[in-house]
Each structure stands twice: as structure tokens, then as C-alpha cells.
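K.L.:
Right, I'll just put the structure down here and ask away after.
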Amino acid sequence: MLKVENINISYGAIHAIHDLSLEVKSGEIVTLIGANGAGKTSTLRAISGLNPVKSGEITYEGKVISNIGAHKIVGYGLSQVPEGRRVFGDQTIEENLLLGAYLRKSKAEIKASMEEVFNLFPRVKERRKQLAGTMSGGEQQMLAIGRALMAKPRLLLLDEPSMGLAPIVVEEIFEIIKNIRKAGTTILLVEQNANAALQIADRGYVLETGSVVLEGLAQDLLHDDSVRKAYLGE
Numbered sequence: 012m013l014k015v016e017n018i019n020i021s022y023g024a025i026h027a028i029h030d031l032s033l034e035v036k037s038g039e040i041v042t043l044i045g046a047n048g049a050g051k052t053s054t055l056r057a058i059s060g061l062n063p064v065k066s067g068e069i070t071y072e073g074k075v076i077s078n079i080g081a082h083k084i085v086g087y088g089l090s091q092v093p094e095g096r097r098v099f100g101d102q103t104i105e106e107n108l109l110l111g112a113y114l115r116k117s118k119a120e121i122k123a124s125m126e127e128v129f130n131l132f133p134r135v136k137e138r139r140k141q142l143a144g145t146m147s148g149g150e151q152q153m154l155a156i157g158r159a160l161m162a163k164p165r166l167l168l169l170d171e172p173s174m175g176l177a178p179i180v181v182e183e184i185f186e187i188i189k190n191i192r193k194a195g196t197t198i199l200l201v202e203q204n205a206n207a208a209l210q211i212a213d214r215g216y217v218l219e220t221g222s223v224v225l226e227g228l229a230q231d232l233l234h235d236d237s238v239r240k241a242y243l244g245e
């Protein structure tokens, strides 16, 4: 479904991503783990068209999407939930969700998608007329995921969905991620909580200083001594 082949990304003189390659197959949850500054967010932003790629190639469902505008990539069926949620605080929850569907034309289909989001996130439904800025961090994360789902993506990119959330809310968010996959959406997950990410993923990639240093089945990575020592606090 998604292939990233030998991409390089630079910010001025800083070479942030070095010959990075990864693959996501349809129906999978794939996770990228690594310390702060390892290049996880830069990789996601390159896939979704927000970071230019200096060299290498990104293909999605057979189309080359490297250095194509982000709005076009959303139209191809790929949505990103950004780090830090980035909801529009002065808009209502309903308005935030509708912004996620801005490329879609059918009002009936948009309404059906909103009902699907409300079924997934009952708390979001209860507060649909409330300003998004008045919600808790966990509720804003749910709204940000719901907004991305309003574009009807076949591949969903999630950037640090557990950041800054209480453990009980993190548990809930990861259950929701599993349910989104069950409903047929493929997921590429960037997450500092390596243990939680590897528990729900099929496969994983470990990033260090802009390069993949380890890859494999999530269960194998969970039991890898170097991963346990570096990322699982053991």
C-alpha cells in the first residue's frame, strides 16, 4: 500500500533523514518508534506532503506521491493526525469534523461519516456544539482522529496520539486505534510509548538519528533486548 524508498530530508544544513525505507501493507498497523529527534515526525510529514523529500521515492497505492501537495495526497485517501492534536479551538466540534471532509462533495456521505465518528467517540457526540478549545486533552485527541477519519482515508497516519494524556485515556485511545483498523483502515503509528505501540502493531521500525536501525514483527521487537533496554525502560 505504502512504500518509502531511500528518502533523504534536510532542514537547511541539517540532514534529518538518511536513506530511510519502510513499507506498510494494506490492513496492517505499523509503528515507528524512537527517541525524540529520531526523525519519526519528519518521516510522517514527508509521506503526507508537508516536508519536501530531497531524494528517494514515496509511493502510495502505486502512485508516486513524493513532493506532491498535501491537499492532493488527502484526496488520494491518506490522512494525518498531527502531533499535538491541532484542533481549531474557536470552532465547534462539529465544525472541526466538517473541515476534515472539505474535499468530499456528497452531503449524505459526509453525514454518514459523522455518525460513524460519533459511534466511535460518544463523548465527541455529546459535546458536538461545544467549542473544541474547551475540551480536555483526551477529548481533543479523539476529535483530531475523528476529523482525519472524516476524509475517509484508507491509510491513517497517527503522530504521537498518547502525548500528554493520562494512562487511562492512553488505554482508551489505543483501543480506538485497534477498532479503526478492524473497520478496515490501515494505520502508520508514530509513538514514543513504545510498549503500547508494539502491543497493538503488526510490525515496527526503530529509528535513530534519521535512519532505520531495526525492523521486524512487533512481538519480536517487544522481546528484543536492545529495544527493551532503550525504549521499554528495562
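With this note's numbering applied, the sequence shown has no gaps in its numbers, which climb one by one up to 245 at the end.
Every residue gets a Cβ at the ideal spot worked out from N, C-alpha and C, and that includes glycine.
As the structure is a prediction and not an experimental result, all values here were calculated from the model.
Please classify residue 117 as buried or exposed, where buried requires at least 16 neighbouring CB atoms within 10 angstroms.
P.N.:
Exposed, because fewer than 16 other Cβ atoms sit within 10 Å of the Cβ of residue 117.
K.L.:
Could you spell out the range, first to last residue, of the alpha helix (DSSP H) harbouring residue 211?
P.N.:
Residue 211 -> alpha helix (DSSP H) spans 205 to 211.
K.L.:
How should residue 204 be labelled, buried or exposed, when 16 other C-beta atoms within 10 angstroms of its C-beta is the threshold for buried?
P.N.:
Answer is buried; the Cβ neighbour count reaches 16.
K.L.:
Let me know the secondary structure DSSP gives residue 17 once reduced to three states.
P.N.:
Note: residue 17 maps to strand in three-state DSSP.
K.L.:
Which word fits residue 166, buried or exposed, when buried means at least 16 other C-beta atoms lie within 10 angstroms of its C-beta?
P.N.:
Buried, by the Cβ-count rule.
K.L.:
For residue 201, which beta-bridge partners are listed by DSSP?
P.N.:
Answer by DSSP bridge pairing, in chain order: 43 and 170.
K.L.:
What is the rounded straight-line gap between the Cα of residue 146 and the Cα of residue 156?
P.N.:
In a straight line, the C-alpha of residue 146 is about 14 Å away from that of residue 156.
K.L.:
Between residue 162 and residue 114, is the Cβ-Cβ spacing less than 8 Å?
P.N.:
Closer than 8 Å, so yes.
K.L.:
Alpha carbon to alpha carbon, how far is residue 40 from residue 207? Give it in angstroms, no decimals.
P.N.:
Rounded to whole angstroms, residue 207 to residue 40 spans 12 Å at the Cα level.
K.L.:
Quick test of your reading: residue 54 and residue 31, contact by CB under 8 Å. State the CB separation rounded to the nearest angstrom.
P.N.:
Right, the Cβ-Cβ distance comes to about 6 Å (below 8 Å), so this counts as a contact.
K.L.:
On a Cα-Cα basis, can you pick out the residue from 86, 108 and 131 that is closest to residue 121?
P.N.:
Residue 121 has its Cα closest to that of 108, out of 86, 108 and 131.
K.L.:
If you compare alpha carbons, which of 197, 209, 128 and 171 is closest to residue 48?
P.N.:
Here the closest residue by C-alpha is 171.
K.L.:
What is the DSSP secondary structure of residue 98, counted as helix, strand or coil?
P.N.:
Coil at residue 98, not helix or strand.
K.L.:
Sort 90, 219, 236 and 135 by Cα distance to residue 13 and report the nearest one.
P.N.:
Of 90, 219, 236 and 135, the residue nearest in Cα terms is 90.
K.L.:
Determine the direct distance from the alpha carbon of residue 169 to that of residue 150, and round the result to whole angstroms.
P.N.:
Those two C-alpha atoms are separated by around 16 Å.
K.L.:
So, at 6 Å on beta carbons, what are the nonlocal neighbours of residue 129 in its own chain, with the 5 sequence-adjacent residues on each side left out?
P.N.:
Contacts found: 136.
K.L.:
Going by DSSP, which residues form a beta bridge with residue 28?
P.N.:
According to DSSP, residue 28 bridges with 20.
K.L.:
Let me know the secondary structure DSSP gives residue 154 once reduced to three states.
P.N.:
Here residue 154 sits in helix by DSSP.
K.L.:
In this structure, how does DSSP classify residue 135 when only helix, strand and coil are distinguished?
P.N.:
In this structure, residue 135 counts as helix in the three-state DSSP scheme.
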